[in-house]
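For the first sequence, our numbering assigns the number 10 to the initial residue and increments by one for each residue that follows. C-beta: ideal position from N, C-alpha, C; glycine also.
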Amino acid sequence: MARILITSAIPYINGIKHLGNLVGSQLPADLYARYNRARGNEVMFICATDEHGTPAELAAAKAGKPVEEYCREMHATQSELAEGFRLSFDHYGRSSSERNHKLTQHFAGKLADAGLIEEVLETQVYSNADGRFLPDRYIEGTCPNCGSEDARGDQCEVCTKQLDPTDLINPRSAISGSTDLEVRETKHLYLRQSTMRDKLDQWIDSKTDWPVLTTSIAKKWLHDGDGLRDRGITRDLDWGIPVKRGTEDWPGMEGKVFYVWFDAPIEYIAGTAEWADANGKTDADWERWWRTDKGADDVKYVQFMGKDNVPFHTLSFPATIMGSGEPWKLVDYIKSFNYLNYDGGQFSTSKGRGVFMDQALDILPSDYWRWWLLSHVPESSDSEFTWENFQSSVNKDLADVLGNFVSRVTKFCRSKFGEVVPEGPAYGAAEQAVIEALQARLTTYQTHMEAMEIRKAANELRAIWTLGNEYLQEAAPWSKFKEDPEAAATSVRFALNLIPFYAILSEPFIPDASKTMLDAMNTAPGWPDSVVDALNALPAGHAFTVPEVMFAKITDDARDEMQTRFAGKS
RNA sequence: GGGCCUGUAGCUCAGUUGGUUAGAGCAGAGCGCUCAUAACGCUUUGGUCGUAGGUUCGAGUCCUACCGGGCCUACCA
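Written out as structure tokens, the structure reads:
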């Protein structure tokens, strides 16, 4: 039995996430977690909300709430939505937790002890009206290059020229519009990750099986220009983890907090500690996942994330781990994803364009979304959500191929034999042929799931469902029944046995439907290590019930209505 | 500007280290079945693999240029 540690990139706190966010990390991570649990592996699956940073403060201010209260409420909301999508986290933590405070400060202390922290005096733009330092992109003004009036402090979107905030003509705060800005000196801590470049480079080179998307981004950062640059890990903000060196104050850093990208990945570890706290476990119980000196040697650690998160997970976080000099677990595999677009463009929170997690669950059950999203997950390039495609997948794959299979088998049995598994002679050549086909496809399915080739796994699963319909067509128990009811009974018994088999294989993709199938068949088997045994599991005389329609189809009218509703406003 | 990814049938995508007639699902056409959510099964029509060159006995697969789409570019997270 293997031990698998799984983390999903932690979603930012400032609002409800859209389907693109969901499919880019949490959903595939959940698929992998469910699969590994089903195979009998010991799984620790951690996610959390990422709560610090300027946008969180601004979102709270906009909502008219103290930032702490805002984050607590949004965490509750996101937790609820995660449950709605059946994301099976062992713990859904918060980066603002006490555990993360302690651990982040601990890492900073260790890095400082190792000589990897440098204090840097820099100048930044301060807004008197807003009472805060402004990140570069929160400063707007006229572009000195093209004259556009909405250039940002980091780059002009019109002419794409890279800018420095002080380049802007008539600079103003993007938050308040105030022009009462001044340049102030402020001291910050930098992580000297440039000194670890060669070590990180070798480490990345050793990961030959990682997706190209992952390694190419890491390589770019390692070798672009002068190579990996040092990175500021503190900010002048109120909301965040106070800068401390371990448990000691850090002279000169009073009133400053750690930068969200320093503390966010540490929350993976802290979140596991939160799990222990929440479940009456000891420190040893979470440390055996993270400390190679305390039992984590045999752990396989897999991270899931969108491509925008790759630099932090391939470079900054490993630099933190390695630089600490302590035996923390490093990631073994990074599965990264491209973006999901929406109907010919991008999802847009501000324009209300696209489907957000809460809306999705209002419209249709989570299994519908899970199936479409996972079977179209943007693995090799950006992919696109269209309502036609969604409707076709749901109606064809779920309703027609799987749902209708369950329906036709159970209803036929009920009308001819009652709601019990009929007997009939032993399986013959026809059944044997199906068993062999299933065994081959099951092996392929497992290979894809283990390799996290999600689209291919979904295709294989669909092909496994199709085998049931092919069998029925060939066996035609409705014809046999007229001359040889016993032979028909065997066919029906075999087909009924396929239902729990399908339920188990499908569970990582569509957990609710899986449960419906198992409940209807009144059974709860484990993973089918042997297809023959699995298809003999339900004996003659076993009672079952005919389930309700498992997947209602999406009509053209409903589809058109949703397409209009979520088109957004320009 | 630089880097990376991507362009294969109407649509969504597979195509392992270059090797005989380029595959799947959906959509379309035909046939069959009638147990089932007018569902299912079988057969079948669609592609000079973005364009132009090059390497090779042989290229969707490697190289170059160009065209199109996307992402990243370190103070949004």
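Whole-Å CB distance - residue i paired with residue j, under 8 Å assumed
i: Pro64; j: Asn23; result: 5 Å
i: Met458; j: Ser34; result: So it is not a contact: roughly 17 Å between Cβ atoms.
i: Pro537; j: Phe510; result: 6 Å
i: Met530; j: Phe94; result: About 25 Å; that fails the 8 Å criterion.
i: Gly477; j: Phe414; result: 5 Å
i: Leu209; j: Pro327; result: 6 Å
i: Leu120; j: Gly332; result: 5 Å
i: Val540; j: Leu447; result: 5 Å
i: Val76; j: Ala85; result: Incorrect: roughly 15 Å between the Cβ atoms, too far for contact.
i: Gly276; j: Ile25; result: The identity of residue 276 in the sequence shown is Glu, whereas the question assumes Gly. 20 Å between Cβ atoms; not a contact.
i: Tyr41; j: Val221; result: With a Cβ gap of about 19 Å, Tyr41 and Val221 do not count as contacting.
i: Asn350; j: Phe394; result: 7 Å
i: Asp272; j: Thr151; result: The Cβ separation is near 36 Å, so there is no contact.
i: Thr532; j: Pro556; result: Actually they are not in contact, since the Cβ atoms of Thr532 and Pro556 sit about 13 Å apart, beyond 8 Å.
i: Phe553; j: Leu507; result: At roughly 13 Å, the Cβ-Cβ gap does not stay under 8 Å, so Phe553 and Leu507 are not in contact.
i: Gln400; j: Ile563; result: 5 Å
i: Val501; j: Val418; result: 7 Å
i: Gly102; j: Gly280; result: 3 Å
i: His197; j: Gly241; result: 5 Å
i: Ser104; j: Asp59; result: 5 Å
i: Phe575; j: Trp487; result: Actually they do not touch by this definition, with Cβ atoms about 43 Å apart.
i: Leu339; j: Ile330; result: 6 Å
Which residues DSSP lists as bridging residue i, in chain order
i: Tyr21; result: Asp59
i: Leu231; result: Per DSSP, none; premise fails for Leu231.
i: Thr243; result: Phe267
i: Ala552; result: Val429
i: Gly254; result: The question names Gly, but residue 254 is Arg in the sequence shown. Paired residue(s): Glu257.
i: Arg300; result: Trp337
i: His27; result: Phe365
Assigned secondary structure, residue i (DSSP; H/G/I helix, E/B strand, else coil)
i: Arg146; result: helix
i: Gly354; result: strand
i: Asp218; result: coil
i: Phe346; result: strand
i: Thr16; result: strand
i: Glu51; result: strand
i: Asp376; result: helix
i: Lys309; result: strand
i: Pro443; result: In the sequence under discussion, the amino acid at residue 443 is Val, which differs from the Pro named in the question. The answer is helix: DSSP assigns Val443 an H, G or I state.
i: Gly102; result: strand
i: Phe365; result: strand
i: Ala121; result: helix
i: Pro336; result: coil
i: Gly315; result: strand
i: Leu547; result: coil
i: Ala435; result: coil
i: Met10; result: coil
i: Ala460; result: coil
i: Phe575; result: coil
i: Phe116; result: helix
i: Met262; result: coil
i: Trp212; result: helix
i: Arg67; result: The question names Arg, but residue 67 in the sequence shown is Leu. Helix, per DSSP.
i: Glu557; result: coil
i: Lys111; result: helix
i: Trp284; result: helix
i: Arg238; result: coil
i: Leu470; result: helix
i: Arg201; result: coil
i: Trp295; result: helix
Distance cut-off 7 Å: residue i Cβ against heavy atoms of the ligand NAD
i: Asn468; result: With respect to the ligand NAD, the structure shown offers nothing to examine, as it has no ligands at all.
Segments of 3+ residues assigned as beta strand (DSSP E) that fall wholly inside the stretch 125 to 199: 126 to 136, 148 to 151 and 178 to 182
Inside the stretch 381 to 424 only - beta strand (DSSP E) runs reaching at least 3 residues: Counting only runs of 3 or more, we get 392 to 394.
If contact is defined by three or more beta carbon pairs under 8 Å, each pair taking one atom from either stretch, is the stretch 114 to 133 in contact with the stretch 191 to 204? yes
Do the stretch 146 to 153 and the stretch 177 to 189 meet, that is, are 3 or more Cβ pairs less than 8 Å apart? yes
Three or more C-beta pairs under 8 Å: does that hold for the stretch 260 to 270 against the stretch 228 to 248? yes
Using 8 Å as the threshold, is the stretch 13 to 31 in touch with the stretch 449 to 464, meaning 3 or more CB pairs across them? no
Contact between the stretch 10 to 20 and the stretch 48 to 61 is defined here as three or more beta-carbon pairs at a separation below 8 Å; is this criterion met? yes
Entirely within the stretch 478 to 543 and at least 4 residues each: give me those alpha helix (DSSP H) ranges in chain order. 486 to 492, 494 to 515, 520 to 530 and 540 to 543, all fully within the stretch 478 to 543.
Given 8 Å as the limit, is there contact between the stretch 173 to 180 and the stretch 205 to 221, that is, 3 or more CB pairs closer than that? no
Would you check if there are 3 or more beta carbon pairs closer than 8 Å linking the stretch 374 to 389 to the stretch 509 to 528? yes
Taking 8 Å as the cut-off, does the stretch 134 to 144 touch the stretch 295 to 308 (at least 3 CB pairs, one atom from each stretch)? no
At least three beta-carbon pairs within less than 8 Å, the stretch 436 to 451 to the stretch 566 to 573: No, the stretch 436 to 451 is not in contact with the stretch 566 to 573.
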